[in-house]
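The structure under discussion appears below in the form of structure tokens.
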Amino acid sequence: MSLKKKFLVIGSNGQIGTVLTNKLGEKHGFKNVVGSDLRAPEQQTKFVFEECSVLDKDRLEKIISKYSITDVYLLAAYLSAKGEKNIDNAWDLNINGLLNVLNFAKEKKIQKIFWPSSIAVFGPTTPKNNVDQYAITEPTTIYGVSKLAGESLCNYYHKKFGIDVRSIRYPGLIGWESMPGGGTTDYAVDIFHEAIKNEEYSCFLSENRTLPMMYMDDAIKATISIMEAPIASIKIRNSYNLSSLSFSPKQIESEIKKHIKSFKVIYSPDERDKLAEGWPQSINDNHSRKDWGWEPNFNLTQMVNDIILNLSKRYKKEKV
Ligand code: NAD
Ligand code: AKB
């Protein structure tokens, strides 16, 4: 196996994959980054792209061998809201996709895996605030159930086969470069686009539904940091709690109004509000901070400023 690092991002067209592939390319050279997804992206990419389902073991193995892949970032998944509508498919993708990649590591075809879990592993029986790493995990969505099982698989493969698989429980992620797909926290991305384009947004969560959230820049920083951390510093092999912000739709509305005074939000909570109701409001991530030096850069005001600035520029350019 080559000593040079070669990265494969599975689910590279998604909300995180779009940003992560570019960050890895800037850091390690685009020729060392391969993206893969069900279909080719609409825009030309700087990295190599290969069409492949993570469930197609043979094709995935060929890609790994063709590019001498060392590190896999497995991002393909059904998220919470989409998962509730496709229970069997959500379980299949979220679990069998992970097993395929873990088995490539077991067969020594790859060296290191990043696989994200979620705050969705927690449920209504978990305390609401400052949720500890080892708090009760009794999820009430198929997404949360599959993430919890996935965490156990990661821990099991590490303990039994020595697989170097690293994981963090992302909170809801917000960025301006990509759109989310089928999550409960997607409102916090949509709200910015609608604020800038139409000055009005209909929100599917209730106004005081506080959730743990994070700016995409910080999520990418955490992802790359945990993968680069010395192996001895990774003490938790199911998944690390990770935290930076907690806010409600009402609070983000107020922040956006500092930039767009006429912005209006109508609250029409739907079934996604029920999913969010079962999740914590804030997370204690002391183990991430202690073990591999995690620290977020963005507070709510800084994040909102950055998103409004970048999206305003983008929509202005599109108009010209
Ligand atoms: P996303 O839905 O935006 O992207 C997933 C990508 O996977 C899509 O491009 C999709 O086409 C692709 N995909 C679907 N089925 C596939 C298959 N069979 N083979 C290959 N690719 C396939 O998701 P995301 O928001 O980028 O999330 C990535 C990971 O991070 C997921 O595991 C998710 O659970 C986790 N996560 C995300 C958030 C968040 O707020 N975005 C929060 C917590 C955890
Ligand atoms: C979702 O809402 O499903 C995701 C998550 C918090 O895991 N954003």
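Numbering (my numbering), first residue to last: -2 to 317. Virtual Cβ for every residue (Gly too), placed ideally from N, Cα, C. Note that the structure is a prediction, hence the values are computed from the model and not measured.
If you run the structure through DSSP and keep just helix, strand and coil, what is V30? strand
Going by DSSP, what residues sit across from L71 in a beta bridge? I7
Less than 8 Å between the C-beta atoms of A219 and I165, yes or no? yes
Identify whether V51 lies in helix, strand or coil by the three-state DSSP scheme. coil
Of the residues K3, E268 and N10, which one's Cα is nearest the Cα of P177? N10
Name all residues in chain order for which at least one heavy atom of the ligand AKB lies closer than 5 Å to the residue's CB. L76, S77, S115, A117, G169, G180, T181 and T182
According to DSSP, C200 sits in a beta bridge with which residue or residues? Y264
Does the beta-carbon of V51, which I'm using as the reference point, lie nearer than 7 Å to any heavy atom of the ligand NAD? yes
Could you check which residue in D161, Y184, P113 and E268 has the C-alpha nearest to that of G172? Y184
Counterpart residues of N238 in DSSP-defined beta bridges: R166
Proximity winner among P209, M210, N238 and M211, relative to I223 (alpha-carbon distances): N238
Same chain only: Cβ atoms within 7 Å of K310, ignoring 5 sequence neighbours per side: none
If you follow the alpha helix (DSSP H) that I217 is in, where does it begin and where does it stop? M213 to E225
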